[in-house]
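Q: Here numbering that gives the first Met the number 0 is used: the first residue of the sequence shown is 0, the next is one more, and so on.
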Amino acid sequence: MAELVFFSGTMDCGKSTLALQTAYNYRQRGLNGIIFSMKDRAGDGKLSSRLGLITDAVEVRSDTNFWVEVSAQRMRGRVDYIICDEVQFYSREQVDQLARIVDEIEINVYGFGITSDFLTNLFPGSARMLELADRVERLQVEALCWCGARATHNARTVNGVMVREGEQVVVGDTDGNAVVAYEVLCRKHHMQGMTAQHSDAAELSPHTLLESGE
C-alpha cells in the first residue's frame, strides 16, 4: 500500500540531502516521479542541499493544487513517487491533497521538513503532516548546538542576536554572516537566547535566574 511519510528534523540535519538521495534511488530503478520544493535556498524550481547537491523541482506556491498537478503529469506519463521538500511551508489544504493522492491514486508521497518555527510553534504544513502521515521519521543525522549537545530547536538571528518576534516565515539560511539567519540550538540555549556569537549574553529567562540563584 502507498504511504504518506513525513521525515522531520531541525535545520542542518540532512532533510534535503535525503530527499535527493530518495529521488536518485527511485530513478536508478527506472521509476518516474515528481519533485516539489518551496522557497529553496537555490531559488525557484530547485531542490538543493548544503552539501552542494541540486536538482530541478516544481516550485510550490500558495495556490498550488497537488491533485491537479499530479493528474496533469499522469496524462503525460507514469508517476511512481512524489517527493515534497520544505513541506512545513505548505498549507493544511495542500497536505490534505497529498494524503488524497496516497489514498486514491496509491502513489507514495515523501514529505521533508522542519517541525517547528523559531518560536517553537508548529508550522501549519508540519502540523497537518503529523496528523495525517502513515509514518513520521526523525532524521538520524543529529544537528548540534554550539555547545555540542543535540540541537532540537531552530532559532532566528539578526546580526547574530536571537530574536523572538516576527513573521513565521522569513527565508534565510544557516549562514551566520547573513543579517537574518538561522541557527540550531539545544532546548536550554534556545530558552536562554544564547547563540554561538552571543553565548555570554543570555536573556534573563526564569531558567537563567534559577541557575544564577537570583
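Backbone N, C-alpha and C fix where the C-beta goes; we use that ideal spot for every residue, glycine too.
Just so it is clear, the structure is predicted and the values come from calculations on it, not from any experiment.
1) Per DSSP, residue 183 forms a beta bridge with which residues?
2) So residue 36 is in the beta strand (DSSP E); what residue range does that whole segment cover?
3) Can you have a look at residue 132 and say buried or exposed, based on whether 16 or more other CB atoms are within 10 angstroms of its CB?
4) State yes or no: is the C-beta of residue 129 within less than 8 Å of the C-beta of residue 135?
5) What distance in whole Å lies between the Cβ atoms of residue 4 and residue 110, which are believed to be in contact at a cut-off of 8 Å?
6) In whole angstroms, what is the alpha-carbon distance linking residue 74 and residue 22?
7) Need the endpoints of the alpha helix (DSSP H) that residue 161 sits in, please.
8) Can you give the Cα-Cα distance for residue 151 and residue 168, rounded to whole angstroms?
9) Residue 36 and residue 85 - do their beta-carbons sit closer together than 8 Å?
10) What number of angstroms, rounded off, separates the C-alpha of residue 33 from the C-alpha of residue 77?
11) Assign residue 208 to buried or exposed, taking buried as 16 or more other Cβ atoms, counted over all protein chains shown, within 10 Å of its Cβ.
12) What does residue 168 pair with, by DSSP beta-bridge criteria?
13) Contact between the region 103–120 and the region 5–24 is defined here as three or more beta-carbon pairs at a separation below 8 Å; is this criterion met?
14) Going by DSSP, name the residue or residues bridged to residue 2.
15) What are the start and end residues of the beta strand (DSSP E) that includes residue 214?
16) Taking the beta carbon of residue 200 as the centre, do at least 16 other beta carbons fall within 10 Å, making it buried, or is it exposed?
17) Please classify residue 136: does DSSP put it in a helix, a strand, or coil?
18) Do residue 25 and residue 89 count as a contact pair if the criterion is CB distance below 8 Å?
19) Measuring CB to CB, does residue 160 end up less than 8 Å from residue 1?
A: Based on what the coordinates show:
1) 153
2) 32–36
3) buried
4) yes
5) 7 Å
6) 21 Å
7) Segment 160–162 is the beta strand (DSSP E) holding residue 161; no alpha helix (DSSP H) there.
8) 19 Å
9) yes
10) 10 Å
11) Unreliable positioning characterises residue 208 in this predicted model, as indicated by a pLDDT of 35, which lies under 50. The coordinate reading is nonetheless provided below. Exposed, because fewer than 16 other Cβ atoms sit within 10 Å of the Cβ of residue 208.
12) None; residue 168 has no bridge partner.
13) yes
14) BP columns for residue 2 are empty, so no partner.
15) The structure shown does not extend to residue 214, since the chain is modelled only from 0 to 213, so the question has no answer here.
16) The pLDDT assigned to residue 200 is 44, lower than 50, so where the model puts this residue is not dependable; a value taken from the coordinates is nonetheless given after this. Exposed, by the Cβ-count rule.
17) strand
18) no
19) no
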